[in-house]
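Just so we're aligned, residue 1 is where the sequence shown starts under full-length UniProt numbering, counting upward by one.
Note that beta-carbon positions come from the ideal geometry of N, C-alpha and C, so glycine has one too.
Working notes for the structure below.
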Amino acid sequence: MGQVNGNERPSGSTPLHLAARNGHKGVVLKLLSSGANVNQKDIKFGETPLQAAARNGHHDIVQILVNTGAHRL
């Protein structure tokens, strides 16, 4: 699968950030099962995948991330 925590984008967003931000539940689950860091912040905004999902109204993904240990702040 490559690097699940890699942030080669200028924003520093990881694949988990992108999947959470865009509501891709299956991708989020796959990344988490592959060891993605649920609390990694992106470089541009200091946003975690949890914050990205919440900001975009993806409540099911928010719940998954919280249940997986994402910090709520």
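Other residues of its chain near residue i: CB distance less than 7 Å, five sequence neighbours each side excluded
i, result
"residue 27", "19"
"residue 39", "48, 70, 71"
DSSP state of residue i mapped onto helix, strand, coil
i, result
"residue 43", "coil"
"residue 33", "helix"
"residue 38", "coil"
"residue 26", "helix"
"residue 1", "Confidence in residue 1 is poor, its pLDDT being 42 and thus under 50, which makes the residue's placement unreliable; the coordinate value appears in the next sentence. Correct three-state label for residue 1: coil."
N-terminal and C-terminal residue of the alpha helix (DSSP H) that residue i is part of
i, result
"residue 67", "59-67"
"residue 55", "49-55"
Integer-rounded CB distance, given that residue j should sit under 8 Å from residue i
i, j, result
"residue 17", "residue 42", "6 Å"
"residue 61", "residue 23", "7 Å"
Residues near residue i by beta carbon distance below 6 Å, same chain, minus five either side
i, result
"residue 56", "21"
Chain-order list of residues whose beta-carbon lies under 8 Å from that of residue i (same chain, five-residue window excluded)
i, result
"residue 12", "41, 42, 43, 44"
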